[in-house]
Every structure is written in structure tokens, then in C-alpha cells.
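**Q** These protein sequence lines map, in sequence, to chains A and B.
In terms of the numbering used here, the first sequence opens at residue 1 and continues consecutively.
In terms of the numbering used here, the second sequence opens at residue 209 and continues consecutively.
In this text, a Cβ means the ideal position worked out from N, Cα and C, and glycines have one as well.
Number of protein chains: 2
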Amino acid sequence: MAGPAPVQRASFPRLRFVGAFRELYLLAEADDELYVVDQHAAHERVLYEELSRRYREEPPVELEHPELLNLSLGEELAYQERAEQLEAAGLVLEPFGPGRYRIRSVPAFLTAHPALVAEVVKGTLAGHSFAEAWRTVLARLACLPAIKAGHPMAEAPAQALLDALARCEMPWTCPHGRPTALVMSELELARRFGRRGVRAVERVNGKR
Amino acid sequence: MAGPAPVQRASFPRLRFVGAFRELYLLAEADDELYVVDQHAAHERVLYEELSRRYREEPPVELEHPELLNLSLGEELAYQERAEQLEAAGLVLEPFGPGRYRIRSVPAFLTAHPALVAEVVKGTLAGHSFAEAWRTVLARLACLPAIKAGHPMAEAPAQALLDALARCEMPWTCPHGRPTALVMSELELARRFGRRGVRAVERVNGKR
Numbered sequence: 001m002a003g004p005a006p007v008q009r010a011s012f013p014r015l016r017f018v019g020a021f022r023e024l025y026l027l028a029e030a031d032d033e034l035y036v037v038d039q040h041a042a043h044e045r046v047l048y049e050e051l052s053r054r055y056r057e058e059p060p061v062e063l064e065h066p067e068l069l070n071l072s073l074g075e076e077l078a079y080q081e082r083a084e085q086l087e088a089a090g091l092v093l094e095p096f097g098p099g100r101y102r103i104r105s106v107p108a109f110l111t112a113h114p115a116l117v118a119e120v121v122k123g124t125l126a127g128h129s130f131a132e133a134w135r136t137v138l139a140r141l142a143c144l145p146a147i148k149a150g151h152p153m154a155e156a157p158a159q160a161l162l163d164a165l166a167r168c169e170m171p172w173t174c175p176h177g178r179p180t181a182l183v184m185s186e187l188e189l190a191r192r193f194g195r196r197g198v199r200a201v202e203r204v205n206g207k208r
Numbered sequence: 209m210a211g212p213a214p215v216q217r218a219s220f221p222r223l224r225f226v227g228a229f230r231e232l233y234l235l236a237e238a239d240d241e242l243y244v245v246d247q248h249a250a251h252e253r254v255l256y257e258e259l260s261r262r263y264r265e266e267p268p269v270e271l272e273h274p275e276l277l278n279l280s281l282g283e284e285l286a287y288q289e290r291a292e293q294l295e296a297a298g299l300v301l302e303p304f305g306p307g308r309y310r311i312r313s314v315p316a317f318l319t320a321h322p323a324l325v326a327e328v329v330k331g332t333l334a335g336h337s338f339a340e341a342w343r344t345v346l347a348r349l350a351c352l353p354a355i356k357a358g359h360p361m362a363e364a365p366a367q368a369l370l371d372a373l374a375r376c377e378m379p380w381t382c383p384h385g386r387p388t389a390l391v392m393s394e395l396e397l398a399r400r401f402g403r404r405g406v407r408a409v410e411r412v413n414g415k416r
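1) Run through DSSP, which three-state label would D163(A) get?
2) Would you grab the beta carbon distance between E237(B) and V226(B) for me? Rounded to a whole angstrom, and I think it's under 8 Å.
3) Would you tell me roughly how many angstroms separate the C-alpha atoms of A389(B) and R310(B), rounded to the nearest one?
4) Identify the contact partners of A25(A) in chain B, using a Cβ-Cβ distance below 9 Å as the criterion.
5) For the stretch 213-230 of chain B, which residues have a CB atom closer than 9 Å to at least one CB atom of chain A, in sequence order?
6) Locate the beta strand (DSSP E) running through S313(B), then write down its first and last residues.
7) If we define contact as Cβ-Cβ less than 8 Å, is R386(B) a contact residue for chain A?
8) Return the Cβ separation of E257(B) and C376(B) in integer angstroms, given the expectation that the two are a contact with Cβ distance under 8 Å.
9) With a cut-off of 8 Å on the beta carbons, I'd call Y35(A) and V183(A) a contact; round off their distance for me.
10) Going by DSSP, which residues form a beta bridge with V391(B)?
11) Going by the beta-carbon positions, is the gap between S105(A) and L63(A) smaller than 8 Å?
12) Quick one: residues in its chain with C-beta nearer than 6 Å to the C-beta of F338(B), no 5 flanking neighbours on either side, listed in chain order?
13) Anything in chain A within Cβ reach of L369(B), meaning under 7 Å, just list it in chain order.
14) Sorted by chain position, which residues of the same chain lie with C-beta nearer than 8 Å to R100(A)'s C-beta, five sequence neighbours on each side aside?
15) On a CA-only basis, which of L51(A), A149(A), P171(A), G74(A) is nearest A112(A)? Give me that one, please.
16) Going along the chain, which unbroken runs of the alpha helix (DSSP H) with 4 or more residues stay wholly within the stretch 314-375 of chain B?
17) Along chain B, which residues have their Cβ under 8 Å away from the Cβ of A41(A)?
18) Taking the runs of the alpha helix (DSSP H) that are 4 residues or longer, which of them lie wholly in the stretch 266-312 of chain B?
19) Taking the beta strand (DSSP E) that E27(A) belongs to, which residues open and close that run?
20) Which residues bound the beta strand (DSSP E) around G227(B)?
21) Mind checking if V412(B) is an interface residue toward chain A, Cβ cutoff 8 Å exclusive?
22) Have a look at Q288(B), E295(B), H248(B), R403(B) and flag the residue whose alpha-carbon is nearest the alpha-carbon of P268(B).
23) Which residues in the same chain as L125(A) place their Cβ atom closer than 6 Å to its Cβ, once the five residues preceding and following it in sequence are excluded?
24) Just to confirm, is the Cβ distance from E252(B) to A354(B) under 8 Å?
25) Straight-line CA distance for T344(B) to A297(B)?
26) So, using beta-carbon positions, are F418(B) and L349(B) closer together than 8 Å?
27) Chain A partners of E237(B), CB-CB under 8 Å?
Here is the structure:
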């Protein structure tokens, strides 16, 4: 019997927060559907799109004190392949001796995380392609500060997170591709309860 | 994929109300399980057991002004079969001309509903047996005042209803046999979200 299921739709509704389960799942209502939202996955999605937006809109920043970085042979080879893409992303390195590089500039959003710069650069040199590596880097940067399971959310911040998720370009999945929300209709609940569920049926038909 | 499902267990946990969906379903938490409770079905169960308790504990009440009642031939036949059971239930009739009866006494809980006395008596003469007819009568008396769908419940009364349901002898079904609650474990939710769900797994294993 189908229960609350992951879905992919063109639009994501404005959800009304009604309560939380296990300090992880936000329970919300939209018309005649019950939403179960993973607060961590949802926050990851919101932060990921925020980083992507800043990355597109904000010019890279020259580092006042260029950071030195040691690259492995594999990383050097990847860098030679991806130098232009790194530069387009705002990551400018310059050789500084064998296997050593100076990080000259970084995307603006990274200036808030100086401790992560080296990790980010190495991250962009991993994986099968720059695009894949870059998505992984952004996803990791979004995951670190995202609200974790076991962190209780008050009504106001919970509603704010649901509103921010609804504004996302891809609200249905987190940056790692996992669902952010499960949905169950009132009609499905009515069936499970053995209710005639007329009210739900009317609404559902009314929408079709 | 199994979702929140009707269950029948020996015990019913103390539920913590977390929110309401569609002014009908109470969302509640107990350990690592999410409960969806049908507020009308739950209230019916609570009222039904309250009526049953009063029926067992309170002596029947003599009517100051015995009510006259016309019975159909079928109802008269049923009465002749069930007179002793009706009397044991506190319903005492006496013949008052052809097809007419006087209602002398009724179960104490009925004195609050004088307008329903005649309907209740006729109800006890319907169905295949007195026991079945009596259950139907009590279920109807419990249904009438039960909170309906579309009636918003504040947190305090919602929690009080969940507590009263947990104190019932048969909390898992309403008097008509429909489920009062659906249950879904955190582990099931974790699976649907593609989470490792370790926290849930540990808790579940910890209980076994």
C-alpha cells in the first residue's frame, strides 16, 4: 500500500508547518496533502542554491595572503586539464615550485571559510569531471552548516525553512539527490482509515 | 511500500501531540513512531467506552413520566425474544394496548438524552441479536457528540483526547471497527528518504 512517497513535480507548494517528528522531520500541510520534510536535506538544498547563486553573481576575490598548496601527481594532472574551468569558477592558482601552487583568488563565498579553501581546491581536482567535482564541493559546503537531525526547530524557523525550500529551483531533492519531502494525500489517509473520505474525494476531483 | 498502517497491539502508548492535519488527523509521536490519529474515530472510541462503563456501573432510572411507544410487528416479536436482555440492560417496557408499550425505566446515561429514548429502544429491537443491536445503539450514541472532521482542535484538548484514547480498553479501533490510528516508524521514514537512518536502526534494535 503506497504511503508518503518521494515525488518530483514541476511546482512545490507553499507549505504550512504543523509540527515536528523526532527533531528531524517537519510535518506540513498544503491543500489536501500532508508533507513530511527532512529538515537537514531541505536546509542543504536551500544552502546549496544560495551558494550557487552567490557563485554566479559575485566576482571572485583575490586573496591578500595567497595560500600555498601541495598537489599530488594526480591532482596536478587534473589541474592541468581543468585550469580554465577552475579559473572560470574564480579559483586561480599559480605554480610555486614542484608540486606546489599558490592560491591567488577564490569564489567570494569561500572568503567566509578560509580554513576550507585548500580542501575546496583539492575537491575541484577530484572526480571524473570539473562539473561533478564542483557540485560535490558545493554540496559539501552546504551540508556542513545545515541543520542536523536532533536539532529541535521552533515554529518560526521551521516555517522559514519551508518557505525557503519552496523558493528553490530544485526543491524536491537535496544536493546529493535524496528526497527532501514525502507526500501523502488526505484521500490516501481516508482510504487507510476506512473513511468514505468524501471530503477528500471532492477536493481531489475538484482539482482535476 | 508500506506506509503508516493500521495496527493492533496489546498496548497503546502515551502519545505526544505534535500537530494536526486537515482539522481531522492528529499527528503524534511515541518513541520512534509517528502516529496519525483520526480525531473523530478516537473520540467515538473514548465516548463508547465511557457509555459502556456507565451502563455497567450505574443503576437504571425509572422515568417519572413513562414514555409511550408504538412497535411494529417485527419489533414486538423481537421484544418478546429479548425482553429479559432489555430489562438486564435497564430498559423496562410494559404493554399498553395493541402494539403500544410504556417505557418504565432506562439506563442512567440515557436520561441525558430524553429525545433519543424511543430511538434507542427501537434500536435494541433491530439486528440479529440483542448484543449486536446494543453495540450499534452505543456506537450511535457515541458518534453523535464525537468531534467531527473540520473541527479544529487546540493543543490541550487534542493531547487530552490522545491521553483518553490511550486509557481505552480497545484504543486501536472505533466502535464501528475502523482504525483510530495509523503508525509509521522513523526507520520506515529514513528508508523512504534514502537516509542511512542509523539513529532509528539503533533505537529499534535497542528495543528488541
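**A** Taking the coordinates as given:
1) helix
2) 5 Å
3) 43 Å
4) Reading off the sequence, residue 25(A) comes out as Tyr, not Ala. Residues of chain B passing the Cβ test: L242, E394, L397, F401.
5) A213, P214, F225, V226, G227, A228, F229, R230
6) 308-314
7) yes
8) 5 Å
9) 6 Å
10) A213(B), Y243(B)
11) yes
12) R290, Q293
13) Residues of chain A passing the Cβ test: none, with the nearest at roughly 16 Å.
14) L68, L69, N70, L71
15) L51(A)
16) 325-332, 338-351, 363-374
17) F401
18) 281-296
19) It should be pointed out that residue 27(A) corresponds to Leu in this sequence rather than to Glu. That run of the beta strand (DSSP E) goes 25-30.
20) 224-229
21) Only weak support exists for where V412(B) lies, its pLDDT of 41 falling under 50; the coordinates are left without a value.
22) E295(B)
23) E75, A78, Y79
24) yes
25) 14 Å
26) The shown model of chain B, from 209 to 416, leaves out residue 418(B), and the question about it has no answer.
27) F21, R22
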